[in-house]
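Residue numbers (UniProt numbering): 1 to 211.
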């Protein structure tokens with residue numbers, strides 16, 4: 001029972017910190033406000049995380065794990081081609097954008113608030129971004145792209161643009177528009193001779209879902 005209570009306290013702190021860091025800003029959010037939002041005692045933060053900085057690191061870990069779960073579990077479970085798994089990523093983005101606590105990407109927000117030349121925040125966010133793009137790259141390579149590097153860079157820019165647009169506009173439709181752009185990228189990509197399957201378009205998916 002005690003272990004379950006400790007875990008619940010950690011989760012409350014983590015969720016409250018992520019929400020406030022993204023919504024109000026990291027520097028603008030003090031420890032007192034996090035504790036009030038989480039509804040826990042001050043000692044709880046120091047017991048579980050030790051400091052606000054460690055709590056931010058945990059928030060960054062949580063955000064990265066969301067992406068890793070998508071690439072390592074959710075997308076591989078789909079019974080479709082690697083190309084259509086790429087497009088399915090934008091459906092996951094839309095579900096994320098539709099959440100009430102979506103206020104953008106913590107990696108982007110954290111780097112924007114801290115010094116740009118160096119520092120652990122930029123290094124940590126950059127390392128996680130590289131891992132996420134690496135997983136996207138695996139999908140592109142598996143899809144049979146003849147020049148995967150260009151396709152990976154294009155898709156990466158589309159994904160990041162969608163996140164920022166959704167944050168600024170508070171409109172989840174950014175994911176749908178980004179999916180259409182990704183379809184364009186895939187249509188313009190040269191495929192190996194063995195690659196014959198054409199990605200299903202967003203319009204076709206909507207039609208299939210409505211029948």
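Glycine included, every Cβ here is placed at the ideal spot set by N, Cα and C.
Query raised in the report: In whole angstroms, what separates the C-alpha of residue 65 from that of residue 77?
Result: 17 Å
Requested in this report: Measure the alpha-carbon distance for residue 17 versus residue 24 and round it to whole angstroms.
Outcome: 10 Å
**Report entry** Close Cβ partners of residue 19 (< 6 Å) along its chain, the five nearest in sequence each way excluded
**Finding:** 101
Query - Alpha-carbon spacing of residue 214 relative to residue 92, whole angstroms - result: Only positions 1 to 211 of the chain appear in the structure, and residue 214 is not among them; the question remains open.
Query raised in the report: Using DSSP with H/G/I as helix, E/B as strand and the rest coil, what is residue 182?
Result: helix
**Report entry** Test item: CB-CB of residue 147 and residue 190 under 8 Å
**Finding:** yes
Query - residue 226, DSSP secondary structure in three states - result: The shown model of the chain, from 1 to 211, leaves out residue 226, and the question about it has no answer.
Query raised in the report: Which residue from 179, 80, 149, 171 puts its Cα closest to that of residue 135?
Result: 149
Query - Backbone secondary structure at residue 145 - three-state DSSP - result: strand
Query raised in the report: Buried or exposed: residue 22, going by 16 or more other Cβ atoms within 10 Å of its Cβ?
Result: buried
Query raised in the report: Near residue 143, which residues of its chain fall below 6 Å by C-beta distance, leaving aside the five closest residues on each side in sequence?
Result: 82, 83
Requested in this report: Determine, using beta carbons only, whether residue 49 and residue 13 come nearer to each other than 8 Å.
Outcome: yes
Query raised in the report: Would you call the CB atoms of residue 108 and residue 159 closer than 8 Å?
Result: no
Query raised in the report: How many whole angstroms separate the CB atoms of residue 86 and residue 121, which I take to be in contact at a CB cut-off of 8 Å?
Result: Incorrect: roughly 29 Å between the Cβ atoms, too far for contact.
Query raised in the report: Going straight from the alpha carbon of residue 170 to that of residue 105, what length do you get?
Result: 13 Å
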